[in-house]
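Residue numbers (the working numbering): 451 to 540. All C-beta atoms in this analysis are idealised placements derived from N, C-alpha and C, irrespective of residue type, glycine included. Down below is the structure, laid out as structure tokens.
Here's what the structure looks like:
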């Protein structure tokens, strides 16, 4: 749909939940993994001859949420794929 010169990929953060076993107040709490949250993907300095991405943005802005799978592909200098990330239900 478009080409971008820079992409900031999301960082995952896992919430820590403190949990204490039993009723002994002297036992220390341990931490368990909780909810996972992700930062936003940021696409910078883009070019496209199509309006698909803009139309999707506009629909979301106007309240018509349309979840889509998005592939971000890193290309080398010869424009060959070297890495791929898939964002599900973006």
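Backbone CA spacing between residue i and residue j [nearest angstrom]
i	j	result
residue 474	residue 489	38 Å
residue 483	residue 469	10 Å
residue 459	residue 509	23 Å
residue 512	residue 498	22 Å
residue 457	residue 518	18 Å
residue 528	residue 536	22 Å
residue 530	residue 514	35 Å
residue 481	residue 533	34 Å
residue 516	residue 538	12 Å
residue 507	residue 472	50 Å
residue 453	residue 467	40 Å
Beta-carbon spacing of residue i, residue j below 7 Å
i	j	result
residue 455	residue 495	yes
residue 461	residue 503	no
residue 520	residue 540	yes
Beta bridge counterpart(s) of residue i as assigned by DSSP
i	result
residue 496	454
residue 462	488
residue 518	Note: residue 518 sits in no beta bridge, so no partner.
residue 480	469
residue 525	531
residue 537	520
Per-residue DSSP class, three states only, for residue i
i	result
residue 508	helix
residue 474	coil
Integer Cβ distance of residue i from residue j, believed to fall under 8 Å
i	j	result
residue 464	residue 486	5 Å
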